[in-house]
Amino acid sequence: MVSVRFDVLGSVTHMCGGAILSDIFVLTAANCFVQLTAFPNWFSIKAGIHNIYIENQETEQLRTVSQIILHPNYSSINY
Numbered sequence: 819m820v821s822v823r824f825d826v827l828g829s830v831t832h833m834c835g836g837a838i839l840s841d842i843f844v845l846t847a848a849n850c851f852v853q854l855t856a857f858p859n860w861f862s863i864k865a866g867i868h869n870i871y872i873e874n875q876e877t878e879q880l881r882t883v884s885q886i887i888l889h890p891n892y893s894s895i896n897y
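In terms of our numbering, the sequence shown has 888 at position 70, counting the first letter as 1, and numbering is strictly consecutive.
Take a look at the structure:
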């Protein structure tokens, strides 16, 4: 599990959980990114944490998001 974090203007908030699929892909719910796919730099991924409310844990790894891909059949009306 990872924490998908919304990171704007110095304020960082846990937004959704995600699963690591590979060294470059994380899978999470599409509704976390509705109308935000054009702004991957607003998000970060944090892995290796045991409590999302404690910052700077020794085991954590922080990664940037370079692209957001929604499933082509996702519809915010239906989900």
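Think of the CB as a built atom: it goes at the ideal place given N, C-alpha and C, for glycine as much as any other residue. Values in this document were obtained by computation on a predicted structure and should not be read as measured data.
Item to check | CA-to-CA distance, Pro858 to Ser894, given in whole angstroms | outcome: Straight-line Cα distance between these residues: approximately 19 Å.
Checklist entry - Met833: buried (16+ other C-beta within 10 angstroms of its C-beta) or exposed? => result Looking at its Cβ environment, which holds 16 or more other Cβ atoms inside 10 Å, Met833 is buried.
Item to check | Rounded straight-line distance, which links the Cα of Ile887 to that of Tyr871 | outcome: If I take the Cα positions, the gap works out to 27 Å.
Item to check | Lys864 versus Glu876: straight-line alpha-carbon distance, rounded | outcome: Cα to Cα, the separation comes out at about 12 Å.
Next on the checklist: Could you pull the DSSP bridge partners for Thr831 from this structure?
Outcome noted: In the DSSP output, where bridge partners are listed per residue, Thr831 has Phe824.
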